[in-house]
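As structure tokens, the structure follows; a few thoughts come after it.
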Amino acid sequence: MKSIRSMLLILSVAFSIVACQHAIDKKMLLGEWKGAQWLIEGQTADYDATSTFFSFQDDGTYTYRYTDMEEKGKYFVSRDELITTPDGGIKMMVRIEKLTSDSLVMNMNRGGTAETLTLVR
Numbered sequence: 010m011k012s013i014r015s016m017l018l019i020l021s022v023a024f025s026i027v028a029c030q031h032a033i034d035k036k037m038l039l040g041e042w043k044g045a046q047w048l049i050e051g052q053t054a055d056y057d058a059t060s061t062f063f064s065f066q067d068d069g070t071y072t073y074r075y076t077d078m079e080e081k082g083k084y085f086v087s088r089d090e091l092i093t094t095p096d097g098g099i100k101m102m103v104r105i106e107k108l109t110s111d112s113l114v115m116n117m118n119r120g121g122t123a124e125t126l127t128l129v130r
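Okay, here's the thing in structure tokens:
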């Protein structure tokens with residue numbers, strides 16, 4: 010019985026540590042971001058990454074611009090996931106691979122195709 014309790018305690022601590030390692034600090038996401046690189050299946054995309062802009066506000070709203078298209082909506086962060094809901098649209102999720110004070114790398118899946126978008130401040 011003691012060994013089962015010990016094992017459960019160890020597993021609980023291990024899961025807690027792993028969960029905390031992947032949590033994203035929302036405050037680091039706030040502000041303006043500009044596209045630097047866009048990859049599709051690891052290859053340079055035909056999209057112009059430098060025409061991509063994101064702005065995340067503290068009130069949970071965001072703006073996304075690509076060339077002459079603009080999208081606004083609400084967002085939230087859950088662990089390493091960025092969930093956005095465009096005004097009048099459906100909820101979408103991307104995985105935040107990396108977030109530092111000056112770079113943001115997001116992994117997306119569009120119709121089964123892996124995409125990676127790198128943004129900088």
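Once you know that position 114 of the sequence shown is 123 in this note's numbering, the rest is easy, because the numbers rise by one and skip nothing.
A virtual CB, placed ideally from N, CA and C, is assigned to each residue, including glycine.
Cβ separation of residue i and residue j, assumed to be a contact under 8 Å, to the nearest whole Å
i, j, result
"Y84", "T76", "With 8 Å as the limit, Y84 and T76 do not qualify as a contact, their Cβ atoms being about 21 Å apart."
"D96", "K81", "5 Å"
"V129", "S112", "5 Å"
"E106", "L48", "The Cβ separation is near 11 Å, so there is no contact."
"R88", "A32", "6 Å"
"A45", "A58", "6 Å"
Cβ neighbours of residue i in the same chain (closer than 8 Å, five flanking residues each side left out)
i, result
"F65", "L38, L39, G40, W42, Y71, Y84"
"S110", "M37, R130"
"L108", "I33, D34, M37, L38, V114"
"Q30", "In this prediction, Q30 scores a pLDDT of 48, lower than 50, which makes its location untrustworthy; no coordinate-derived value is stated."
Residue i - partner residues in DSSP beta bridges
i, result
"R119", "T122"
Close-in-space but distant-in-sequence residues of the same chain around residue i (CB under 6 Å, 5 per side omitted)
i, result
"E50", "A123"
"M117", "V103, E124"
"F126", "The sequence shown places Leu at residue 126, not Phe. So the qualifying residues of the chain are W47, M115."
"T61", "G44, Y75"
"G120", "none"
Cβ of residue i within 9 Å of any chain D Cβ
i, result
"M37", "In the displayed structure, chain D is absent; only one protein chain is listed."
Chain-order list of residues whose beta-carbon lies under 7 Å from that of residue i (same chain, five-residue window excluded)
i, result
"Y56", "W47"
"K100", "I92, T94"
"K35", "V86"
"Q52", "none"
"M78", "none"
Quiz item: Can you list the beta strand (DSSP E) stretches of 3 or more residues lying completely in the stretch 36 to 115, in chain order?
Solution: DSSP runs (the beta strand (DSSP E)) wholly in the stretch 36 to 115: 40 to 49, 61 to 65, 70 to 75, 78 to 87, 90 to 95, 101 to 108.
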